[in-house]
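Colleague:
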Amino acid sequence: MGKLDGKVAVITGGATGIGLAAAKRFIEEGAFVFIFGRRQEALDAAVAELGPNARAVKGSVSDEADLDRLYAAVKAERGTLDIIFANAGVGSLLPLGKLTAEHIDETFNTNVKGTIFTVQKALPLMGEGGSIIL
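Numbered per this note's numbering, the sequence shown spans residues 113 to 246.
As structure tokens, then:
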């Protein structure tokens with residue numbers, strides 16, 4: 113019996129890195145996990161590695177329509193949501209003089225707006241005692 117038996121989780125940025133490691137652990141503890149990310153190849157590879165208790169939804173946290181599709185998939189398949197891990201993030205490792213408005217817009221849209229809307233749009237599916245990890 114795991115700590116997350118029967119729980120449903122969404123992990124943004126879940127196809128690689130910290131998100132994939134978290135998905136593995138959540139599944140080991142008994143959760144069903146939806147991973148959300150921008151690259152289909154990485155999502156497919158992650159689901160193949162994670163097994164039958166994982167689903168992938170392609171999209172960007174900076175696109176509200178993509179988030180709507182994610183939560184529609186969660187609702188259709190599981191009906192509820194217990195855990196949201198807002199893990200997706202981007203950043204440009206550039207000297208200050210090289211940053212452009214495009215870099216700043218992408219960072220803000222993903223790291224700030226994306227996190228806010230990831231959580232906001234999850235709330236209707238979450239019941240009492242749900243967990244939000246930022």
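Quick reminder that beta carbons are idealized off the backbone N, C-alpha and C, glycines included.
Please classify Val202: does DSSP put it in a helix, a strand, or coil?
Modeller: Collapsing the DSSP output to three states places Val202 in coil.
Colleague: Just the Cα atoms here: how many angstroms apart are Thr128 and Met238?
Modeller: 25 Å
Colleague: Give me, in chain order, the residues of the same chain whose beta-carbon lies closer than 6 Å to that of Gly131; leave out the 5 immediate sequence neighbours on both sides.
Modeller: Ile123, Gly125, Asn199
Colleague: Could you give the distance in angstroms between the alpha-carbon of Ala188 and the alpha-carbon of Leu235?
Modeller: 16 Å
Colleague: Is Val120 closer than 8 Å to Phe144 when the C-beta atoms are compared?
Modeller: Taking 8 Å as the Cβ cut-off, Phe144 and Val120 qualify as a contacting pair.
Colleague: Starting from the Cα of Val202, find the closest Cα among Ile195, Lys233, Val224 and give me that residue.
Modeller: Val224
Colleague: Does any C-beta atom of chain B lie closer than 8 Å to the C-beta of Ile130?
Modeller: No chain B appears in the structure shown, which is made up of a single protein chain.
Colleague: What span of residues does the beta strand (DSSP E) with Lys170 cover, start to end?
Modeller: 166-170
Colleague: Measure the C-alpha to C-alpha separation of Ile216 and Gly209 and round it to an integer number of angstroms.
Modeller: 12 Å
Colleague: If I follow the unbroken alpha helix (DSSP H) through Leu211, where does it start and stop?
Modeller: Looking at the DSSP string, Leu211 is not in any alpha helix (DSSP H), and its letter there is neither H nor E.
Colleague: Can you give me the start and stop residues for the alpha helix (DSSP H) that Val186 sits inside?
Modeller: 176-189
Colleague: When you compare only the Cα positions, how much space is there between Leu211 and Gly142?
Modeller: 43 Å
Colleague: Can you tell me whether Ser249 is buried or exposed? The criterion is at least 16 other CB atoms within 10 Å of its CB, across all chains shown.
Modeller: This structure cannot settle anything about residue 249, because the visible part of the chain is limited to 113 through 246.
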